[in-house]
Amino acid sequence: MRSLLSLCVFVLAGVVSAISTSGNRLLVVLDDVADKEGYSQFLGDLEGRGFQLSFETPKSESLALFHLGERTYDHIIFFPTKAKGLGPNLTPNVLVDFMNANGNILVSLSADSAAPTSLVSLLSELDITLPADRTGLVVDHFNYDATSAADAHDVLLLPPPGPIRSDIKDFFASGAPKDALLAFPRGVGAALGASELLTPVLRAPSTAYSYNPKEQAEVVDDLFAAGEQLALVSVFQARNSARLALVGSAEMLQDKWFGAEASKVGGEKKAGKTFNREFAKRVSGWAFNEIGVLRVNWIEHHLEEAGASNESNPAIYRVKNDVKYTISLSEYSWTAWAPLTLPATDALQLEFSMLSPFHRLTLSPDAAHSSPSEAAYATTFKLPDQHGIFNFKVNYKRPLLSNIEEKNTVSVRHMAHDEWPRSFVISGAWPWIAGIGVTARNSEKAQSMLFRFREAQAADLGIIDAGRSRRPRAITEQDSIPSCEKWRGQVLKEISRKVSRIQDAALSDYQIRDLNDEINKLMREKHMWEVQIRNLGGPNYTRLGGGKVYDEAGREIQGGGKGYRYFGRARELPGVKELFEAAAKQRKEDEKPLEERVGLRRQVDAAYYGYAPGEEDGELLEYERAREQMAREALAKAGPGKAPPGWEPLPGDGGDGRVWELPSLEEVQVELIERRKRRLLDQI
Amino acid sequence: MRLTQSIAPALLLLVAGVAQAASGWGFEDASVQIATKKAAESIREKFTQTSPLAKPVSLGTTNTLKLSLTAKDNGKGKRPHQAFLVLQEQESGLEAPFPLTVKESGKAVAQITQKDLPVQFLLASKPLKASVVLASFGSAPGLNSPVFEVQIEADASAPRPAYEKPLRYGKQPEIHHIFRPDPKSPPKIISLVFGLAVIATLPALLVGWAVLGGNLNHLTTAMGAAPLSHASFFGSIVAMEFVFFMYYTSWNLFQTLPVIGAVAAVAVLSGTKALGEVQSRRLAGQR
């Protein structure tokens with residue numbers, strides 16, 4: 001810890017000479033380099049604070065924000081430009097890359113010229129919306145400067161903005177004189193999204209509104225935003241703490257408004273000087289990391305228990321240990337690091353978390369470890385009664401302050417075997433401890449004479465408690481049928497228990513394989529018991545089933561009968577599944593042979609082609625000839641229309657001339673419709 | 001300019017006082033109507049610049065709030081650039097402006113239904129404050145006067161609209177881990193009574209033996225036959241109990257095992273002799 005401190009001091013000494021915490025190369029983008037005259041005081045102030053200013057126009061070909069992948073500037077100021085875009089060197093993509101590389105941007109707009117599309121895209125990426133057509137003018141008929149805009153009402157006079165919430169430090173208005181006024185001349189208001197990274201610094205008064213002076217000079221038909229929804233100056237801080245400030249009115253940064261005389265309309269006081277210069281300094285200072293930058297100097301945690309070693313930042317703790325955590329923080333304020341002080345309603349919080357926080361505690365200032373350039377915050381707490389890998393986490397993210405997210409990982413082990421309270425400390429254990437002193441143990445009881453006597457007696461009588469004693473391994477040596485039956489029943493019980501367990505979806509493949517093995521072993525044992533029962537002259541259980549297993553469709557299951565079988569989820573194991581699929585496929589092929597050419601041929605024999613047996617030798621032909629002759633004679637005798645005796649009449653032979661009546665197509669249709677009707681009616 | 005400045009305070013007083021309509025922006029013929037689907041049930045209430053409606057008007061889910069007025073500049077009908085009806089939620093101060101549609105003559109109307117309002121307004125517990133803002137360019141002072149209050153009637157059958165507060169960085173509620181309760185023991189007196197009851201069985205046993213005629217006659221013969229082995233065998237058993245006691249109280253396994261080994265060796269060596277002696281007596285039929 002001592003060495004850490006001295007390192008901090010060394011770092012501190014290096015930083016003091018630099019003006020901003022993140023470099024001093026500042027790029028100023030202007031339409032015309034001559035325009036900078038208007039901002040000479042603002043730019044002079046920046047130079048006075050140690051920034052190196054480079055002036056470029058958007059069209060300049062030498063302008064590049066990156067060189068060999070490194071930022072060439074630390075900060076950028078955009079002043080209003082007439083051009084629609086900002087050229088290929090300042091596309092929104094490049095600007096986002098610039099912010100991703102921790103570059104800071106200050107954008108100023110003006111109602112006189114439309115905002116460049118590049119900046120509009122960048123701002124919309126950050127959830128800041130500018131008025132439609134990139135133009136808008138904020139006016140307020142109730143809070144305007146009567147001196148300079150008595151008619152147009154487009155110079156807003158506002159009090160310096162306080163913090164937006166009570167738990168946020170006042171960066172922009174602190175120390176301002178009571179009657180100080182900010183002039184916001186001819187500016188553009190923006191609407192902010194719900195992002196937590198955005199903070200409005202200066203909001204429009206409730207009677208202000210934004211309109212398009214070109215199209216809505218007469219009537220405000222489509223209102224962009226009004227009142228406090230209009231952010232005149234707003235800031236954005238990315239997750240990497242890169243900053244962007246949007247100043248709606250570039251004119252408010254100009255020399256003519258620095259300390260200018262302004263008088264609010266209807267005000268009773270005389271004209272006062274504007275607060276613009278100080279405000280411009282603070283907004284630019286915030287954007288360029290001169291204020292509101294936080295730094296973690298060191299973090300220390302140790303056991304806070306009597307008699308424990310005072311080792312710093314150990315990697316392992318035990319559950320329910322008392323632990324002290326200290327973090328030292330500094331805040332940069334213009335020229336030097338100062339101790340971080342929190343507003344009364346805010347708190348620096350420590351989370352002790354595994355996945356989610358178990359503790360979230362407020363850290364309180366620790367004066368003993370603080371110095372003029374750092375403030376230590378500490379807390380002591382008892383670790384939760386849960387072992388695992390935990391994090392000490394300080395996640396201090398607040399609007400306008402750079403983000404702090406510190407994570408220190410420690411293991412928390414459970415109690416060791418010798419860290420529990422001794423049994424004689426636990427009053428409930430006293431009778432048991434006394435018992436150990438005066439009695440013998442159970443295993444000795446088992447050896448006692450009485451026990452052995454009873455056991456022998458039970459064995460003689462053939463009463464054996466099947467539930468309690470072990471199933472004998474030597475099955476063939478068992479010579480009583482009832483005990484064999486009992487053992488077989490026990491095996492069956494175990495099998496059914498395991499077969500239902502193997503369906504459990506939570507089992508792993510290995511567990512399933514093991515279970516399946518056990519079931520197969522039990523099946524073998526069951527078979528052996530059955531054989532033994534049969535040999536002893538008992539019922540023959542083995543005959544049932546015949547060793548084959550059938551599925552619901554009556555087909556035999558391969559691998560289902562004798563030999564190794566698969567149960568439940570074991571059938572879905574890799575390897576086994578393929579086996580069953582292959583078997584099922586084979587079965588399917590066996591079932592439909594007629595569809596295949598080979599199968600068809602198998603059914604075709606000589607008879608199919610007319611070579612019927614007995615036809616060649618003439619016997620059948622002779623018989624047929626004889627019957628034909630008889631029929632002809634009978635017909636000749638009986639005459640037409642009458643069946644000869646012993647003959648069945650065919651339809652149409654009835655003599656009434658009626659032959660087979662085939663239904664006509666219409667009749668078939670009628671009948672079909674009738675049937676369908678009936679079926680439908682039945683359904684109803 | 002100097003003149004207007006000096007006049008301004010006086011003007012302001014005037015405005016704040018009585019004759020508001022006389023100078024600057026104002027309105028006349030103002031009314032608010034809650035239109036329902038059935039025209040007969042519509043409610044129309046009139047108000048003026050100086051006397052806002054005392055009772056809040058209620059806006060149901062199917063109703064439409066219609067505001068109509070005539071904007072006047074110094075008593076003459078004129079179209080102002082800014083003519084808003086501003087609704088304000090009282091608790092959070094959230095405001096929503098609704099521009100009025102203004103004709104050249106100054107006649108202005110606005111129609112609002114619940115659908116036009118932000119979600120926070122629909123969930124407001126107090127009535128919304130409505131004020132009319134009329135102002136324009138030039139020197140005429142604008143008007144921003146409260147006119148009535150709107151009570152939002154929620155549809156009882158429909159679920160209330162959900163409003164999720166956006167994430168804001170700030171202090172979070174503290175969390176203190178709740179520890180599992182420590183294992184509990186019965187009252188000490190009960191443990192003590194039963195512990196003593198268990199211990200009391202040992203003297204009871206000894207007394208029982210004494211009463212039933214346990215004899216120590218062989219002690220002298222045993223000691224006479226093999227004094228060293230009997231003494232060391234008994235001593236090793238006692239020592240073993242002592243080792244176990246030490247293991248229970250303070251020693252670890254690696255301290256215990258060698259001592260057990262030593263004591264056990266003594267017990268085995270002396271035990272064979274001592275028990276052999278006992279066996280010889282038993283075989284001799286001495287009981």
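Which chain is which? The protein sequence lines are A and B, in order. Heads up: the first sequence is residues 1 to 684, going by the UniProt record's numbering. Heads up: the second sequence is residues 1 to 287, going by the UniProt record's numbering. Backbone N, C-alpha and C define an ideal beta-carbon position, used for all residues, glycine too.
CB contact check: residue i to chain A, cutoff 9 Å
i	result
glutamine 172(B)	yes
histidine 176(B)	yes
phenylalanine 137(B)	yes
alanine 239(B)	no
alanine 267(B)	no
histidine 230(B)	no
serine 125(B)	no
threonine 201(B)	yes
arginine 79(B)	yes
glycine 195(B)	yes
DSSP-derived helix/strand/coil call for residue i
i	result
threonine 249(B)	helix
serine 20(A)	coil
threonine 326(A)	strand
tryptophan 420(A)	coil
tyrosine 317(A)	strand
methionine 354(A)	strand
valine 198(B)	helix
glutamate 609(A)	Before going further, note that residue 609(A) is tyrosine rather than glutamate in the sequence given. If DSSP states are grouped into helix, strand and coil, tyrosine 609(A) belongs with the helices.
arginine 501(A)	helix
leucine 223(A)	coil
glycine 388(A)	strand
tyrosine 510(A)	helix
proline 482(A)	helix
glutamate 331(A)	strand
proline 431(A)	helix
valine 283(A)	helix
threonine 147(A)	coil
leucine 122(A)	helix
Below-9 Å beta-carbon distance, residue i vs any chain B residue
i	result
lysine 382(A)	yes
serine 427(A)	yes
alanine 434(A)	yes
phenylalanine 171(A)	no
glutamate 218(A)	yes
phenylalanine 352(A)	yes
leucine 26(A)	no
proline 161(A)	no
histidine 141(A)	yes
Under 8 Å from the C-beta of residue i: neighbouring residues of chain B
i	result
phenylalanine 358(A)	Ile175, His177
glycine 227(A)	Val86, Glu95, Pro97
leucine 90(A)	Ordered by position in chain B, no residue passes the 8 Å Cβ test against leucine 90(A), which lies about 30 Å from the chain.
aspartate 151(A)	Phe137, Gly138, Ser139
Proximal chain B residues relative to residue i, where beta-carbon distance stays under 9 Å
i	result
glutamate 196(A)	Pro166, Leu167, Arg168, Tyr169
threonine 207(A)	Gln82, Phe84, Val86, Val133, Ala135, Gly142, Asn144
proline 213(A)	Chain B residues near proline 213(A): none, gap ~11 Å exceeds 9 Å.
Where residue i meets chain B, residues with beta-carbon distance less than 7 Å
i	result
glycine 388(A)	Residues of chain B passing the Cβ test: none, with the nearest at roughly 13 Å.
threonine 362(A)	Glu174
Amino acids of chain A, ordered along the chain, whose beta-carbon sits closer than 8 Å to that of residue i
i	result
proline 186(B)	Ser427, Gly428
valine 102(B)	Val219
Neighbouring residues, chain A, relative to residue i (Cβ below 7 Å)
i	result
valine 198(B)	Pro431, Ala434, Gly435, Val438
Worksheet item: Should the stretch 263-271 of chain B be regarded as contacting the stretch 210-222 of chain B, the criterion being three or more beta carbon pairs within less than 8 Å?
Response: No, because fewer than three Cβ pairs between the stretch 263-271 of chain B and the stretch 210-222 of chain B fall closer than 8 Å, the two stretches do not touch.
Worksheet item: Three or more C-beta pairs closer than 8 Å, one from the stretch 45-54 of chain B and one from the stretch 185-203 of chain A: is that the case here?
Response: no
Worksheet item: Between the stretch 167-180 of chain B and the stretch 201-210 of chain A, do three or more beta carbon pairs fall short of 8 Å?
Response: no
Worksheet item: Can you list, in chain order, the stretches of the alpha helix (DSSP H) that have 4 or more residues and sit fully within the stretch 57-108 of chain A?
Response: Those alpha helix (DSSP H) runs which fall completely within the stretch 57-108 of chain A and span 4+ residues are 92-100.
Practice prompt. Could you tell me which uninterrupted beta strand (DSSP E) segments, each at least 3 residues in length, are contained entirely in the stretch 53-134 of chain B, listed from first to last along the chain?
Written response: Runs of the beta strand (DSSP E) inside the stretch 53-134 of chain B: 57-59, 64-73, 82-88, 95-99, 107-112.
Discussion item. Between the stretch 99-116 of chain B and the stretch 100-110 of chain A, can you find at least three pairs of beta-carbon atoms closer than 8 Å?
Written reply: no
Practice prompt. Determine contact between the stretch 21-31 of chain A and the stretch 70-79 of chain A, defined as no fewer than three beta-carbon pairs at a distance below 8 Å.
Written response: yes
Item to complete: At 4 residues or longer, and completely inside the UniProt domain "Ribophorin II C-terminal" (179-282) of chain B: list those alpha helix (DSSP H) runs for me, N to C.
Response: Listed in chain order, the complete alpha helix (DSSP H) runs (minimum 4 residues) inside the UniProt domain "Ribophorin II C-terminal" (179-282) of chain B are 188-212, 218-225, 227-249.
Worksheet item: Would you call the stretch 193-203 of chain B and the stretch 230-237 of chain B touching, i.e. three or more CB-CB distances under 8 Å?
Response: Remark: fewer than three beta-carbon pairs, one from each stretch, lie closer than 8 Å, so the stretch 193-203 of chain B and the stretch 230-237 of chain B are not flagged as touching.
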